[in-house]
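Some notes on the structure that comes next.
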Amino acid sequence: MSGGILYRILVIVGFMSLFHSAYSAAQHRSYLRLNELDFLGLPLDISIQAILSLYIIVYGILQVSGTFKEIKASAELDNKSWGTFRNIPSFYMFAHRGKAFSKFYNPVMSKSYLEEVE
Amino acid sequence: MSNKNNSENVAYNELAIRYNLSVVEYVRTSMAALSGCTAGLLGLTGLYGAAFYIFAVTSLWLMVLFKAGFKTWKSYFISRKGLLTNGFFGHLFTYILCWTFIYGMVHVY
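Chains as they are written, first to last, in our numbering: chain A, 1 to 118; chain B, 1001 to 1109.
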């Protein structure tokens, strides 16, 4: 349900406009009844307002309802590199024996040191 | 011919298909209710109301295609004919409900 606040306001404005045109139509109907005229159809401005506000609401709802997703299975994977897939956290190694080759490495010989760490 | 084979072998992401269809379903349900309200407001009776429903469904279809892009809709939906016809009669009942209700509210009482 993403979508800007602008479109929500648009939906609310459209609803108010639709309600206003409905009220206008009801008033027109009561005016006809009081003057004992026949109903030949709504005035053009009320019809135009009703249809326009319908389109405004539907456009707003269409924007509020969320963006479509790509349906191709590979769509999400296109932007990722092979390194992402070979990344397996369970196989991370933090105590590689290769560090013994470093100049700055001073080996701990006694076993008691390991027990102190734990 | 080779192009046709390609389109048959495409793998789809089912979750994305379902998500897109649920978005469209949401919009269609609102459209059915709102166009029913509008039809009742306009005082349409009989076949004019049915014609208005067809008009509303078709224009909603065009709006959905506009949102997806007239050239790029294929990356969001499998078929656009299905987009037009899915749930046509199911939403017709929502439409009639709102139509008669608002017609009664505005024009009868």
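C-beta: ideal position from N, C-alpha, C; glycine also.
- Query: What did DSSP end up calling TYR1012 (chain B) once you bin it into helix, strand or coil?
  - Reply: In the structure shown, TYR1012 (chain B) sits in a strand (DSSP, three-state: E or B).
- chain A residues whose Cβ lies nearer than 9 angstroms to that of ALA1051 (chain B): By Cβ distance, chain A contributes nothing, its closest Cβ being about 14 angstroms from ALA1051 (chain B), past 9 angstroms.
- Message: Please tell me whether ALA73 (chain A) and TYR1012 (chain B) are closer than 8 angstroms, where the distance is taken between their beta carbons.
- Response: Result yes, Cβ atoms of ALA73 (chain A) and TYR1012 (chain B) sit closer than 8 angstroms.
- Item | Proximity below 8 angstroms, CB of ALA1032 (chain B) to CB of TYR1095 (chain B) | In this structure, ALA1032 (chain B) sits near TYR1095 (chain B), with a CB-CB distance shorter than 8 angstroms.
- Message: Closer than 8 angstroms is the cut-off here; do at least three beta carbon pairs connect the region 35-42 of chain A with the region 66-86 of chain A?
- Response: No: fewer than three Cβ pairs fall under 8 angstroms.
- Message: Please identify, using Cβ separations under 8 angstroms, the residues of the region 1061-1082 of chain B that lie next to chain A, in order along the chain.
- Response: Listed in chain order, the positions of the region 1061-1082 of chain B with a beta carbon within less than 8 angstroms of a beta carbon of chain A are MET1063, VAL1064, LYS1067, ALA1068, SER1075, TYR1076, PHE1077, ILE1078.
- Leaving aside the five residues before and after SER17 (chain A) along the sequence, list all residues of the same chain whose C-beta is less than 8 angstroms from its C-beta, in chain order. Here the set comprises GLN49, LEU52, SER53, ILE56.
- Message: Given this structure, state the Cα-to-Cα distance separating SER102 (chain A) from MET93 (chain A), to the nearest angstrom.
- Response: SER102 (chain A) and MET93 (chain A): Cα-Cα distance of roughly 17 angstroms.
- Starting from the beta carbon of LEU54 (chain A), find every residue of chain B whose beta carbon is closer than 7 angstroms, and list them in chain order. Simply LEU1034, SER1035, THR1038.
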